[in-house]
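See below for the structure under consideration.
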Amino acid sequence: MKSHTVYRTFNTPERRAFVRITEDVQQAVDESEVAEGMVLVSAMHITAGVWVNDDEVGIQVDAMEWLDKLAPPSWMQKKSRIQKDLSPDPGDYRHHRGGEDNGDAHLKNMLVHHQVIVPITEGRLDLGPWQQVFYCEFDGGRPKRLVIKVLGE
Amino acid sequence: MKSHTVYRTFNTPERRAFVRITEDVQQAVDESEVAEGMVLVSAMHITAGVWVNDDEVGIQVDAMEWLDKLAPPSWMQKKSRIQKDLSPDPGDYRHHRGGEDNGDAHLKNMLVHHQVIVPITEGRLDLGPWQQVFYCEFDGGRPKRLVIKVLGE
Amino acid sequence: MKSHTVYRTFNTPERRAFVRITEDVQQAVDESEVAEGMVLVSAMHITAGVWVNDDEVGIQVDAMEWLDKLAPPSWMQKKSRIQKDLSPDPGDYRHHRGGEDNGDAHLKNMLVHHQVIVPITEGRLDLGPWQQVFYCEFDGGRPKRLVIKVLGE
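Just so you know, the sequences run in chain order V, C and U.
Quick note on numbering: the first sequence equals residues 2 to 154 in our numbering.
Quick note on numbering: the second sequence equals residues 2 to 154 in our numbering.
Quick note on numbering: the third sequence equals residues 2 to 154 in our numbering.
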C-alpha cells in the first residue's frame with residue numbers, strides 16, 4: 002500500500018471564494034504513483050468546505066447567494082425576510098460572544114461538508130465529465146490549510 | 002490490497018427519484034473478494050446525490066418535498082412563500098442563462114452530498130439495521146453514471 | 002494492509018446531543034497500529050450524524066437552534082414562521098403514520114451527513130487545530146451504534 006500526504010495553504014483576498022483545486026489533487030495522485038485507490042480532500046478549518054461541482058460561475062454565484070440566505074452572516078445587511086428568520090434568535094450568533102464574527106461560516110461548513118473522496122482509477126481522478134473539485138472558503142483573508150491524502154496501490 | 006471498480010448507469014423515467022442500490026454495492030463487494038475495507042459510492046454527475054437512510058416511502062416523500070422548499074426548482078409552481086424566499090434573487094438561477102433548467106439540482110447535490118463510504122467487515126456492508134443506500138436523482142430522464150470503488154483486503 | 006473495527010454505543014439521556022469522540026477515534030487508531038491511512042467514523046442509525054467542528058458550546062447551541070428551524074421537529078412548539086413554512090405540507094411528517102415522531106431527525110441526518118473520514122499521518126489523526134469529531138444525536142434516549150473503521154499501514 003502506498004500513501005502520500007500533501008498540505009495546501011489558501012489565503013484568499015476575498016472573505017468567501019470557490020477555488021478550483023482539481024489539478025492540485027491530480028498532482029498529488031501523480032506524485033503518489035497510486036494507480037488504484039482513493040484520495041481524500043479535506044479542509045483543516047471549520048469555516049471552509051470542499052465541493053465537487055461544475056466550474057460554471059453562475060452556479061457559484063447562485064450557491065453563495067443561497068448559502069447566505071440559509072446561513073446568514075451577521076456582518077451582512079439582511080436583504081430578505083428569510084435571512085432574518087434563519088438568523089440566531091438572540092439576534093447574533095452565540096459563538097460571537099468570544100469576539101468572532103464567523104458564526105455563519107460554521108453552519109456553511111456543515112451544509113457543504115468539509116471533505117470529499119475522489120476515486121483513483123488507472124492513475125487518474127475518476128470524475129464525471131463536469132465534476133471539478135473546489136475548496137470553498139467562507140472566512141478567508143488569512144492562511145487556511147487543506148490536506149490531500151492519497152491511499153492505494 | 003485489492004481494488005474493484007464498477008460503474009452503473011441510471012436513466013430514471015421520472016425527473017427525480019430515490020433508487021435503492023444497497024444490493025448493487027454488496028454485489029461489487031462480493032466481486033472484489035474484499036473482506037475488510039471500504040467501498041466508495043459516488044455520483045459522477047453534479048445534479049445527483051447518494052444518501053444512506055431508511056427504505057420507507059414516507060421519509061422519501063417528506064425529504065423530496067422539503068428539498069423542493071429549500072432548493073426550489075424554477076420549473077415548479079411556487080406553492081409556498083418559503084420557495085419564493087429561497088429562489089435566486091434575479092428571479093431565476095444564473096446557471097440557467099446557458100439554457101439549463103436544473104439550477105435547483107446543483108443545490109440539492111450540495112445538501113445531500115454526492116457520495117458515501119460504506120465500511121466492509123467480513124465481506125459484508127457494515128450497515129445499521131435500517132440503513133439502505135440510495136442513488137438520489139434530481140435531474141433524470143437521461144443516462145447518469147455512478148462509480149462504486151471497493152478497496153481493502 | 003491493516004484494518005481495525007470498533008463499535009461504540011451511545012445512549013444519551015437527552016433527545017439531542019453533540020458528543021465529542023475525537024479521543025475514541027484516536028484510540029481506535031492506536032489499537033490498529035496504522036501509521037498512514039484513513040479512519041471512517043460513521044453513524045449506524047439514520048437519525049444521527051457525525052460532524053467535525055470546534056468544541057465550543059456557542060457553536061453547538063447555534064447549530065441545534067438552526068437545525069430545528071430548517072428541519073422542525075413535530076413534537077416541538079413552532080416558535081417561528083420559518084418552522085411552519087419548512088414543516089411538511091400535510092401538517093405532520095408522512096413518516097409518522099407508522100407511529101414514529103422522529104421525521105425531523107431523518108432530515109437532520111441528511112443535512113449534517115452521517116459520516117466523516119479522518120486522515121491518519123504518523124499514527125495521529127491529521128486534524129486542524131480546532132477540529133474535533135462529534136457524534137450528533139437527533140433522536141436519543143435509546144442505544145444507538147457508531148462504527149469506527151481504520152484502514153492503512
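Ideal Cβ placement from N, Cα and C applies to all residues, glycine included.
Note that the coordinates shown come from a computational prediction; the quantities given were computed from them, not determined experimentally.
| task | Could you tell me whether the Cβ atoms of residue 101 of chain C and residue 2 of chain C are closer together than 9 Å? | result | In the second sequence, the residue the question calls residue 101 of chain C occupies position 100. In the second sequence, the residue the question calls residue 2 of chain C occupies position 1. Result no, Cβ atoms of residue 101 of chain C and residue 2 of chain C do not sit closer than 9 Å.
| task | Return the chain-ordered ranges of every alpha helix (DSSP H) run that is complete within the segment 44-112 of chain V and spans a minimum of 4 residues. | result | With a minimum length of 4 residues, the continuous alpha helix (DSSP H) runs that stay inside the segment 44-112 of chain V are 58-71 and 82-87.
| Neighbour list for residue 90 of chain V in chain U, Cβ cutoff strictly below 7 Å | Within the first sequence, residue 90 of chain V is the residue found at index 89, counting from 1. Simply 66.
| request: Say whether the segment 27-39 of chain V touches the segment 116-126 of chain V, bearing in mind that this needs 3 or more beta-carbon pairs closer than 8 Å, one atom from each stretch. | output: Yes, the segment 27-39 of chain V is in contact with the segment 116-126 of chain V.
| task | Could you tell me which chain C residues have their CB closer than 8 Å to the CB of residue 56 of chain U, listed as they occur along the chain? | result | Here residue 56 of chain U is taken as the residue at index 55 of the third sequence, counted from 1. Chain C residues near residue 56 of chain U: none, gap ~23 Å exceeds 8 Å.
| query | How would you write the range of the beta strand (DSSP E) that residue 116 of chain V sits in, first residue to last? | reply | On the first sequence, residue 116 of chain V is found 115 positions in, with the first residue counted as 1. Run containing residue 116 of chain V: 116-122, per the beta strand (DSSP E) assignment.
| task | Tell me, please, whether the CB atom of residue 108 of chain V is closer than 9 Å to any CB atom in chain C? | result | Reading the first sequence from its first residue, position 107 is the one you call residue 108 of chain V. No, no contact with chain C.
| task | Compute the distance between the beta-carbons of residue 42 of chain U and residue 147 of chain U, then report whether it is under 9 Å. | result | The residue labelled residue 42 of chain U in the question sits at position 41 within the third sequence. The residue labelled residue 147 of chain U in the question sits at position 146 within the third sequence. Contact flag set, yes.
| said: Less than 9 Å between the beta carbons of residue 68 of chain V and residue 113 of chain V, yes or no? | reply: In the first sequence, residue 68 of chain V corresponds to position 67, counting from 1. In the first sequence, residue 113 of chain V corresponds to position 112, counting from 1. Residue 68 of chain V places its beta carbon less than 9 Å from that of residue 113 of chain V.
| field | Boundaries (first-last residue) of the beta strand (DSSP E) holding residue 133 of chain U | value | As a working note, residue 133 of chain U is residue 132 in the third sequence. From DSSP, the beta strand (DSSP E) with residue 133 of chain U extends over 133-138.
| If you draw a straight line from the alpha carbon of residue 33 of chain U to that of residue 149 of chain U, how long is it in whole angstroms? | For the purposes of this step, residue 33 of chain U is taken as the residue at position 32 of the third sequence. For the purposes of this step, residue 149 of chain U is taken as the residue at position 148 of the third sequence. Residue 33 of chain U and residue 149 of chain U: Cα-Cα distance of roughly 11 Å.
| said: Could you tell me the alpha carbon to alpha carbon distance between residue 119 of chain V and residue 115 of chain U, rounded to whole angstroms? | reply: Taking the first residue of the first sequence as 1, we reach residue 119 of chain V at position 118. Taking the first residue of the third sequence as 1, we reach residue 115 of chain U at position 114. For residue 119 of chain V and residue 115 of chain U, the distance between alpha carbons rounds to 18 Å.
| Under 9 Å between C-beta atoms of residue 152 of chain C and residue 128 of chain V | Taking the second sequence and counting its residues from 1, one reaches residue 152 of chain C at position 151. Taking the first sequence and counting its residues from 1, one reaches residue 128 of chain V at position 127. In terms of Cβ geometry, residue 152 of chain C and residue 128 of chain V do not form a close pair [threshold 9 Å].
| field | Own chain, CB closer than 8 Å to residue 79 of chain C, minus 5 neighbours either side, in chain order | value | The residue labelled residue 79 of chain C in the question sits at position 78 within the second sequence. Excluding positions up to five away in sequence, the list reads 73, 85 and 88.
| Listed by chain order, chain V residues near residue 6 of chain C by CB distance under 9 Å | In the second sequence, residue 6 of chain C corresponds to position 5, counting from 1. The contacting residues are 37, 120, 122 and 127.
| task | List the whole-angstrom C-beta distance separating residue 46 of chain C from residue 75 of chain C, where the pair is believed to meet the contact cut-off of C-beta under 8 Å. | result | Working through the second sequence from its first residue, we reach residue 46 of chain C at position 45. Working through the second sequence from its first residue, we reach residue 75 of chain C at position 74. In fact, because the Cβ distance is near 19 Å, the residues do not count as touching under 8 Å.
| query | Listed from N- to C-terminal order along the chain, which residues in the segment 41-52 of chain C have their beta-carbon within a distance smaller than 7 Å of any beta-carbon of chain V? | reply | Flagged, chain order: 41, 43, 45, 46 and 47.
| field | residue 145 of chain U to residue 64 of chain U span [Cα, whole Å] | value | For the purposes of this step, residue 145 of chain U is taken as residue 144 along the third sequence, with counting starting at 1. For the purposes of this step, residue 64 of chain U is taken as residue 63 along the third sequence, with counting starting at 1. Here the alpha carbon of residue 145 of chain U sits roughly 21 Å from the alpha carbon of residue 64 of chain U.
| said: Taking 6 Å as the limit between beta carbons, can you name the residues of its chain near residue 132 of chain V, skipping five residues before and five after? | reply: To locate residue 132 of chain V, count along the first sequence from 1; it is residue 131. The answer, listed in chain order, is 53.
| message | Starting from residue 7 of chain U, trace the beta strand (DSSP E) in both directions and tell me its first and last residue. | response | Residue 7 of chain U sits at position 6 when you count from the first residue of the third sequence. Its beta strand (DSSP E) spans residues 3-11.
| DSSP three-state assignment for residue 29 of chain V, whether helix, strand or coil | Reading the first sequence from its first residue, position 28 is the one you call residue 29 of chain V. In the structure shown, the three-state DSSP call for residue 29 of chain V is helix.
| task | Whole angstroms is fine: what's the gap from residue 15 of chain C's alpha carbon to residue 139 of chain V's? | result | Working through the second sequence from its first residue, we reach residue 15 of chain C at position 14. Working through the first sequence from its first residue, we reach residue 139 of chain V at position 138. Approximately 35 Å between the Cα atoms of the pair.
| query | residue 94 of chain U touches chain C at which residues, Cβ-Cβ below 9 Å? | reply | Translated into positions along the third sequence, residue 94 of chain U becomes position 93. 59, 60 and 63, listed in chain order.
| query | Pick from V:82, V:142, V:77 and V:136: whose alpha carbon is nearest that of residue 24 of chain V? | reply | Here residue 24 of chain V corresponds to residue number 23 of the first sequence, with the count starting at 1. Distances from the CA of residue 24 of chain V to each of V:82, V:142, V:77 and V:136 were compared; the closest alpha carbon is that of V:136.
| Looking only at its own chain, which residues have a Cβ that is under 8 Å from the Cβ of residue 70 of chain U, when we skip the five neighbours before and after it? | As a working note, residue 70 of chain U is residue 69 in the third sequence. Contacts found: 81, 83, 84 and 87.
| query | Quick one, are the C-beta atoms of residue 104 of chain C and residue 59 of chain V less than 9 Å apart? | reply | Taking the first residue of the second sequence as position 1, residue 104 of chain C is located at position 103. Taking the first residue of the first sequence as position 1, residue 59 of chain V is located at position 58. Between residue 104 of chain C and residue 59 of chain V, the CB-CB gap stays under 9 Å.
| task | Over the uninterrupted beta strand (DSSP E) stretch that includes residue 147 of chain V, give me the two end residues. | result | As a first step, residue 147 of chain V is located in the first sequence; it is residue number 146 there, counting from the start. First-last of the beta strand (DSSP E) with residue 147 of chain V: 145-153.
| field | Alpha-carbon to alpha-carbon, residue 66 of chain V and residue 77 of chain V | value | For this step, residue 77 of chain V is matched to residue 76 along the first sequence. For this step, residue 66 of chain V is matched to residue 65 along the first sequence. Cα to Cα, residue 77 of chain V sits roughly 12 Å from residue 66 of chain V.
| request: Would you mind giving the Cβ-Cβ distance between residue 13 of chain C and residue 141 of chain C, rounded to the nearest angstrom? I have them listed as a contact below 8 Å. | output: Numbered from 1 along the second sequence, position 12 holds the residue referred to as residue 13 of chain C. Numbered from 1 along the second sequence, position 140 holds the residue referred to as residue 141 of chain C. That pair is a contact at about 4 Å.
| request: Can you give me, in chain order, the residues of the segment 70-91 of chain U that have a beta carbon less than 7 Å from any beta carbon in chain V? | output: The residues in question are 70, 81, 82 and 83.
| task | Could you name the residues that DSSP lists as bridge partners for residue 38 of chain C? | result | Working through the second sequence from its first residue, we reach residue 38 of chain C at position 37. Residue 38 of chain C pairs with C:121 and C:153.
| message | Quick check: what's the CA-CA separation for residue 44 of chain C versus residue 11 of chain C? | response | Taking the first residue of the second sequence as position 1, residue 44 of chain C is located at position 43. Taking the first residue of the second sequence as position 1, residue 11 of chain C is located at position 10. Annotation: residue 44 of chain C to residue 11 of chain C spans about 10 Å, alpha carbon to alpha carbon.
| said: Strictly by DSSP, which residues pair up with residue 126 of chain V? | reply: Numbered from 1 along the first sequence, position 125 holds the residue referred to as residue 126 of chain V. Listed as beta-bridge partners of residue 126 of chain V by DSSP are V:121.
| Nonlocal neighbours in the same chain, by C-beta distance under 7 Å from residue 18 of chain V, ignoring five residues either side | Working through the first sequence from its first residue, we reach residue 18 of chain V at position 17. Residues of the same chain with a CB within less than 7 Å of the CB of residue 18 of chain V, apart from the 5 flanking positions on each side, are 138 and 141 in chain order.
| task | Identify the contact partners of residue 98 of chain U in chain C, using a Cβ-Cβ distance below 9 Å as the criterion. | result | If you number the third sequence from 1, residue 98 of chain U lands on position 97. Within 9 Å Cβ-Cβ: 59.
| beta strand (DSSP E) segment containing residue 21 of chain V, residue limits | Numbered from its first residue, the first sequence carries residue 21 of chain V at position 20. Per DSSP, residue 21 of chain V belongs to the beta strand (DSSP E) from 18-21.
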